[in-house]
DNA sequence: ATAAAGATAGAACAAATGGGTCGGAAATTC
DNA sequence: GAATTTCCGACCCATTTGTTCTATCTTTAT
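Chains as they are written, first to last, in this note's numbering: chain Y, 9 to 202; chain H, 9 to 202.
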C-alpha cells in the first residue's frame, strides 16, 4: 500500500523523462513500461490511464519547477541578483518543458484542464515572488519604483513574452542574447540612477 | 526538372528538423507534409518512400557535420587549439544527431545499411584528420609522439567512447566536465613536457 | 487555344500501432 | 496453503500511417 505509492513515483519519474522528450502524443505506454522493465498491462495496476500518468507527471514537473526557482532565488542575496537568477532559471526550465506545450494546444486532444489550473496557480505564485522581490529591492534603496504590484505584473508580462517562441515551437536561437537584453532592459528601467 | 531537385532539398531541410527531433519512427509523413504545407501524397512525387527521405536526410546531415568540423579546425592555428575545437564541435554535433541512433538500432526495423556506409566513411576521414593534426603538432615540436597513425587511432577510440552514452540514450550530465577531463588527459599525455 | 507535361491533393486501403481489458500466472504476505 | 498483491501475455478495436491511385489543377510548349 505504501509500496504502491512508491512505485507510482518511479513510474512518474520514468514517464517524465519520456514525456518531456517526445510530448504526450508521441509517448506510448509500451515505451514507458519498457523503460520500467515491466509489462505494458502492469502499468495499469498503478494508473488508470495514460492521461492519469500525464497528469501526475505534469504535477511533478510543476513542483520541480517551483523548488528550482526558489532555490535559485535563495542562492544570492541582492535583489538584482535574485531577479537575474530567477529569470535565468525560469527560462532554462521552461525551455526544457517546451514539449508539454504540445499537449496543451494539440487540437483534437481532450483539453487537459488541469494544466491550466496548474498554470494559473503558478502565475499567482510567480507574481507574489516578483512583487516581493521588487518590494525588497525598493526598500533597500536599490530599486525605485512607484508600485511594486504593477511593476511585478509588467515584469511577468515580459517573462511570458519570452515563452511565445516555445508555443510557436520556433525554438532555436540566441537565447542568451535575448536574456541579456531583457535583463539590461529591466535593470536600466528599474535601477535608481545615481 | 531543375526545379524538382530544388524542391527535394526543401523537403530534406524540413524533414531533417523533424527527424532530428523525433527520430525515424516517430516522424510521420503527415508531419513532414504539413510542415511543407503540402498534401501528404504530394511528397511521393519527389520521394519514393519515407525511407528514401530519411536516407537523403542522413546524407545531408553527414555533409553538414563534415563542413562544421572542417571549419572548426580552420578557425584556429595551433594544433592543440585545432584538436580542442575539433573535439568540442564533434561532441556538440553528435549530441544533436543522437536521435538518429534510434533508427540504427531499432530492431524490427530494416537495418539501414547506408548509415553504416556513411559511418565507416566518416571514420576513415576522421582518422586522416587526426593523423594530420598529430603529425603537424609533432613537426612543430608541440607534440611528441612516436607514431602519429596509432596515436590518432587512440584518440579516435576515446572520441568514440564519448558517444556511448548517446547509444545508450543515457543523455544528461556534466558534458562539459567530461570534455575538459578528456582534453586535459589527451593534452597532458601528448604535450611535450618542458 | 489546346495539348502535353508537371504538380498537387483527396479518397481509399492494407498494415501497423497503440490504448486499454481480462483471465490467470507468479510472487508475496499472512 | 490460502489470500492478497503484483505482474504479464494475449486479445480487442479504434486510430494512425505509409503508400497508391485517380482526378484535378497549373504550367509549358506548340
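Every residue gets a Cβ at the ideal spot worked out from N, C-alpha and C, and that includes glycine.
What's the call for residue 41(Y), buried or exposed, on a 16-neighbour Cβ count within 10 Å?
buried
So, residue 137(H) versus residue 66(H), is the Cβ gap smaller than 8 angstroms?
For residue 137(H) and residue 66(H), no; Cβs fall outside 8 angstroms.
Taking the alpha-carbon of residue 130(H) as reference, which of 69(H), 170(H) and 142(H) has the nearest alpha-carbon?
69(H)
According to the neighbour-count rule (16 or more other Cβ atoms, all chains shown, within 10 Å of its Cβ), is residue 146(H) buried or exposed?
It counts as buried.
Looking at residue 87(H) and residue 150(H), is the spacing between their C-beta atoms short of 8 angstroms?
yes
Simplified DSSP state of residue 27(H), which is helix, strand or coil
helix
Could you check whether the stretch 157-173 of chain Y touches the stretch 95-102 of chain Y, counting it as contact only if at least three pairs of C-beta atoms, one from each stretch, sit closer than 8 angstroms?
yes
Cutoff 6 angstroms; reference residue 110(H); Cβ partners in own chain excluding five residues on either side:
31
Report the three-state DSSP secondary structure of residue 49(Y) (helix, strand or coil).
helix
Residue 139(H) versus residue 56(H) - alpha carbon distance
40 angstroms
Cα-Cα separation between residue 153(H) and residue 135(H), rounded to whole angstroms
16 angstroms
Are the beta-carbon atoms belonging to residue 141(H) and residue 77(H) less than 8 angstroms from one another?
no
Can you give me the start and stop residues for the alpha helix (DSSP H) that residue 99(H) sits inside?
First-last of the alpha helix (DSSP H) with residue 99(H): 87-104.
Could you have a look at residue 44(Y) and say whether DSSP puts it in helix, strand or coil?
coil
Spatial neighbours of residue 9(H) within its chain, please: CB distance less than 7 angstroms, with the 5 preceding and 5 following residues excluded, ordered by chain position.
For residue 9(H), the predicted structure reports a pLDDT of 48, less than 50, and the residue's modelled location is therefore unreliable. The matter cannot be settled from this model.
Exposed unless 16 or more other CB atoms sit within 10 angstroms - verdict on residue 62(H)
buried
Starting from residue 156(Y), trace the alpha helix (DSSP H) in both directions and tell me its first and last residue.
156-169
So, with DSSP's three-state summary, where would you put residue 113(H)?
helix
For residue 43(Y), which residues in the same chain have their Cβ closer than 6 angstroms to its Cβ, ignoring the five residues on either side in sequence?
22
State the CB to CB distance for the pair residue 34(H) and residue 34(Y), rounded to an integer number of angstroms; the pair is presumed to be in contact (CB under 8 angstroms).
5 angstroms
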